[in-house]
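Written out as structure tokens, the structure reads:
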């Protein structure tokens, strides 16, 4: 679940942009007279499914980040963007071990939220279209 959480949070900055691009592709498909009706409908259904997955992912990310402190949120975003613990420590004015423990706590909170959503029956299979796989044994 930690891998899923980290990948989901890494996608957060681009969710709005991806949703807007999907809307533009839907509009283009609707206006494209070269496509047969059947192909246009199939493409639109795929795009609508992608938009639904992006919106659902935004909600999952909102739930995961809503339980984090500002420092945890800053650190988990930095780590998923590829920043080192040392660079985040220098940037936030804390020691590397604090960055490490904040990152671990943030991931624990993500796992807790994802586990609660799974127990409540949330369907994580919707994210397969975005390339995110929720572990089936989690």
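Numbering (my numbering), first residue to last: -5 to 132. Using N, Cα and C, we set each Cβ at its ideal position, and we do this for glycine too. Everything numeric in this text was worked out from a predicted model, so none of it was measured.
- As the crow flies, the alpha-carbon of residue 6 is around 10 Å from that of residue 12.
- Judged by beta-carbon spacing, residue 54 lies within the 8 Å limit of residue 2, meaning their Cβ atoms are closer than that value.
- Judged by pairs of C-beta atoms under 8 Å, the segment 43 to 52 touches the segment 10 to 30, as three or more such pairs exist.
- For residue 7, the secondary structure class from DSSP, reduced to helix, strand or coil, is helix.
- Counting C-beta pairs closer than 8 Å gives fewer than three between the segment 26 to 33 and the segment 77 to 87, which falls short of the contact rule.
- Between residue 4 and residue 75 the beta-carbon gap is near 7 Å, inside 8 Å, which marks them as a contact.
- The alpha-carbon separation between residue -4 and residue 31 amounts to approximately 42 Å.
- At a Cβ-Cβ threshold of 8 Å, residue 41 and residue 67 do not count as neighbours.
- With a 10 Å radius around the Cβ and a threshold of 16 neighbouring Cβ atoms, residue 35 comes out exposed.
- Exposure of residue 22 is indicated by the presence of fewer than 16 other C-beta atoms within 10 angstroms of its C-beta.
- Between residue 71 and residue 107, the C-beta spacing is not below 8 Å.
- For residue 45, the uninterrupted alpha helix (DSSP H) segment begins and ends at 31 to 60.
- Around the beta carbon of residue 51, 16 or more other beta carbons lie within 10 angstroms, which makes this residue buried.
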